[in-house]
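Reading through the structure tokens given below for one structure.
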Amino acid sequence: MSEQNFQDDSVYDKYRWIDELGGWRRTHHNNQLTAANMDESVCLMGWVQFRRDHGGLIFIDLRDREGLTQVVFSPEHNPEAHERAHAIRSEYVVAIKGQVRPRPEGMANSNLVTGEIEIVVDEWKLLNTSETPPFPIEDRIEVGENLRLKYRFLDLRRPSLARNFVLRNKAAQSVRRYLDGLGFLEIETPVLTKSTPEGARDFLVPSRVNPGQFFALPQSPQLFKQMLMVSGMERYFQIVKCFRDEDLRADRQPEFTQIDIEMSFVDEQIVQDMAEGMVRTLFRETLNQELPDPFPRMTFADAMRDYGVDKPDVRFGLKLQNVSDIFKGSGFKVFAQASLVKLLCVPGGGELSRKEIDDYTKFVEIYGSKGLAWIKVKEDGEWQSPIVKFFSEEEKAKLAEIADVQPGDILFFQAGQADIVNAALGNLRLKLGERFGLIEEGTFAPLWITDFPLLEWDEEAKRWVARHHPFTSAQPGQLEELDKNPGEALARAYDLVLNGHEIGGGSIRIHTPEMQQKMFSALGINEQEARAKFGFLMDALKFGAPPHGGIAFGLDRLIMIMTGAKSIRDVIAFPKTQKATCMMTEAPSEVAASQLRELGIRLREKKEE
RNA sequence: GGAGCCGUAGUUCAGUUGGUUAGAACGCCGGCCUGUCACGCCGGAGGCCGCGAGUUCGAGUCUCGUCGGCUCCGCCA
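Under this note's numbering, read the first sequence as residues 43 to 651, first letter to last.
In structure tokens form, the structure reads like this:
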């Protein structure tokens with residue numbers, strides 16, 4: 043296209059005509075050219091990162107997905123191309139043809155892969171202009187997240203964010219190669235499916251054809267993958283979107299991606315070996331990182347005992363210690379009367395200021411704690427503490443021994459209900475690990491958590507609910523417990539934890555109708571109800587379901603940890619805000635009355651003043 | 001459902017005890033500039049201080065409410 047299309051110069055600045063590709067072909071990405079390409083004629087395309095207009099020479103850093111290359115417009119080399127280049131601005135889209143040439147002596151830029159060379163422009167095309175972006179397309183500036191999310195298409199141009207998606211793709215391809223190599227079939231399962239009463243809230247989709255009836259978006263393809271095992275597919279996987287209508291967190295989005303896996307004729311060991319291999323291969327192929335073989339293992343009970351949480355970050359120590367016995371019958375009633383007293387000893391923690399301790403006290407209150415007792419061990423060995431005056435000499439001696447107390451340490455205590463004590467101290471441990479720099483960045487500590495309880499008590503519903511899901515089988519010999527002591531029965535379930543995040547969870551499933559019925563009755567679901575809600579599962583189990591089990595990984599979380607991103611939003615292209623809205627598209631939104639009528643849906647009248 | 005932090009120029013932020021005309025840096029616009037690379041120099045434009053009430057002679061500043069973003073508790077089999 044040429045200037046003749048724009049006859050009205052008052053509207054179209056003659057330097058601002060926009061051109062078509064005109065048969066130009068890009069020859070390289072902007073991270074590719076080095077001294078090895080000297081004197082080659084190349085064609086680059088991309089966005090203008092920086093413009094440095096010296097009046098004479100004009101330099102442009104041209105950015106594409108892969109990197110930056112410096113481009114030079116020289117008045118001597120091509121006066122016409124140089125003259126037009128004055129009009130170039132940030133984020134303009136340009137195509138340049140030119141020669142690779144060395145930068146003058148001492149002018150190389152060691153920060154760039156392409157820093158030894160530059161492209162001197164023979165000719166160039168303006169492919170598009172750009173308004174000044176609402177925020178700089180750079181990594182070094184922290185922009186408000188609301189702006190970033192509204193202009194997500196610009197945010198994604200930032201190299202640090204773009205890199206996350208390059209890695210995410212590599213990771214997904216690595217997983218596919220690995221699983222395909224082991225004979226897994228990638229099979230798609232429905233997105234419009236049946237609402238499941240257990241578990242998270244469902245996203246519902248009204249059926250126009252069946253007024254008053256609703257599909258649910260899957261929380262996971264759990265039952266479908268079990269059906270595929272009954273179908274004899276033997277090994278299934280899927281990288282699949284799942285949906286849960288629950289409140290968001292830094293590592294939780296309402297729609298997220300799972301690597302969903304199921305296998306027939308397996309026990310825990312087979313599934314775990316396969317999963318470990320997948321994660322090890324993934325880290326090797328994408329980060330060039332070797333993970334331990336095999337992964338360390340810990341029971342749920344040990345995790346709660348030593349770390350207070352079921353997903354411990356084992357990159358650092360600071361284990362909790364149970365000191366209940368020391369204070370049985372103590373004069374310090376708060377400890378004596380508590381069902382559980384736990385201790386967290388922090389070597390070198392004596393340097394904590396009073397304000398920091400106050401902040402930590404507020405922090406543990408989040409978890410229902412009534413307060414945070416502490417003892418500072420001074421350099422002379424003296425114990426400084428608001429509570430130590432209530433301790434007997436014997437109690438102090440036992441405490442010093444069990445905690446291996448050293449001068450300069452601080453001891454934190456929690457006393458009371460087990461769940462509050464564990465949550466408070468377990469989370470305080472993480473904060474202190476950070477505060478004292480105990481966590482080495484760039485290290486990865488995978489850990490299997492095993493022997494989960496099968497059931498847990500739902501205080502709100504006043505009944506037992508499945509801790510994992512109601513299709514998880516009990517460990518051998520634990521069936522009797524189900525009747526006598528529901529809380530004690532252990533499940534054939536396992537979680538994979540990485541750096542304190544649950545990245546995967548799975549189980550060996552129930553594969554006989556009798557066992558499944560027993561499970562349902564333990565959950566207070568009678569036969570009739572089970573038939574209505576899970577009839578197809580009960581049917582399927584009757585027709586030769588093989589023993590099977592599997593695991594599902596949270597791909598987003600995994601990528602978040604691998605990239606070091608602080609939020610899952612930084613590894614999801616178009617994430618939702620904490621209020622579960624999309625700032626870019628402004629979804630969700632109201633719909634036309636006619637759409638509602640068609641669906642047979644009437645909205646509640648808006649409340650008037 | 002609840003708690004906390006934040007909201008001032010396009011962006012990132014400062015703004016004292018409530019007190020004249022709300023500042024800085026970067027960006028943007030104009031001019032100059034042939035080796036810069038976050039180029040440099042000179043000049044300029046740019047503000048409903050999120051929104052709404054209240055207190056006050058006077059509010060960016062204090063109070064209440066509200067909207068939005070974030071973090072967390074509950075929730076998330």
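Where a beta carbon is used, it is the ideal one built from N, C-alpha and C, also for glycine.
In this structure, the straight-line span from the alpha carbon of LEU362 to that of SER609 is close to 28 Å.
Minimum Cα-Cα distance from TYR193 among the listed residues GLU640, GLU628, TRP499 and GLU276 corresponds to GLU628. Under a 10 Å Cβ-count criterion, GLU304 is classified as buried, with 16 or more other Cβ atoms of the shown protein chains found around its own Cβ. Of the residues assessed, VAL447 falls on the buried side of the cut-off, its CB having 16 or more other CB atoms within 10 angstroms. In the DSSP assignment, LYS384 is bridged to ASN364 and GLN456. For GLY591 and ARG534, the gap between their C-alpha atoms comes out near 9 Å.
Rounded to whole angstroms, HIS543 and PHE285 show a C-alpha spacing of 19 Å.
Between LEU540 and GLN300, the gap from beta carbon to beta carbon reaches 8 Å or more. As DSSP reads the structure, HIS543 sits in a beta bridge with LEU540.
A distance below 8 Å separates the beta carbons of ILE102 and VAL90. For the pair ASN464 and ARG107, the Cα-to-Cα distance works out to about 46 Å. In the three-state reduction of the DSSP assignment, ASN72 falls in the coil class. Per the Cβ contact rule, the region 378-390 is in contact with the region 452-463 (3 or more Cβ pairs under 8 Å).
Under DSSP, ALA77 shares a beta bridge with no residue. Close CB contacts of THR514 within its chain, under the 6 Å cut and outside five residues either way in sequence, are with ALA533, ALA535 and SER549 (chain order).
Non-local beta-carbon contacts of PHE307 in its own chain, meaning distances under 8 Å to residues more than five positions away in sequence, involve GLU276, PRO588, PRO589 and HIS590 in chain order.
Per DSSP, reduced to three states, the secondary structure at LYS473 is helical. The secondary-structure analysis by DSSP pairs ALA415 across a beta bridge with PHE455.
If the five residues before and after MET625 are omitted, its C-beta is found closer than 8 Å to the C-beta atoms of ASN188, LEU191, LYS192, ARG194 and THR619, all from its own chain and listed in chain order.
Taking all protein chains shown into account, GLY391 has 16 or more neighbouring C-beta atoms within 10 Å of its C-beta and is therefore buried.
Secondary structure in the region 112-145: the alpha helix (DSSP H) runs of 4 residues or longer, each lying completely within the stretch, are 121-127 in chain order. Between the C-alpha atoms of LYS167 and PRO146 there is a straight-line separation of about 26 Å. If you keep only unbroken alpha helix (DSSP H) runs of at least 4 residues inside the region 288-342, you get 310-329.
Ranking VAL136, ALA129, LEU99 and MET87 by CA distance to the CA of ASN120 puts LEU99 first. Nearest to GLU483 by C-alpha distance, out of LEU641, HIS70, MET604 and GLU125, is MET604. Under the three-state reduction of DSSP, ARG182 is assigned to coil, being neither helix nor strand.
Beyond the five residues adjoining it in sequence on each side, PRO512 comes within less than 7 Å, by CB distance, of GLU240, MET561, PHE562 and LEU565 in the same chain, given in chain order.
DSSP, read as helix, strand or coil, puts PRO389 in coil. Excluding sequence positions up to five before and after VAL272, its CB lies within less than 6 Å of the CB of ALA582 and ALA587, all in the same chain and listed in chain order. Looking at the backbone, the Cα of LEU259 and that of GLN268 are separated by about 17 Å. By the CB criterion at 8 Å, LEU489 and PRO354 fall inside the cutoff.
Annotated as distal: TYR278 and LEU290, with beta-carbon spacing of 8 Å or more. One thing to note: GLU437 has its Cβ within 8 Å of the Cβ of ILE368.
For the 8 Å CB-CB criterion, PRO175 and SER132 form a contact.
The residue among VAL233, ASP293 and GLY450 with its C-alpha nearest the C-alpha of ALA607 is ASP293. ALA572 and THR554 have their alpha carbons spaced roughly 14 Å apart.
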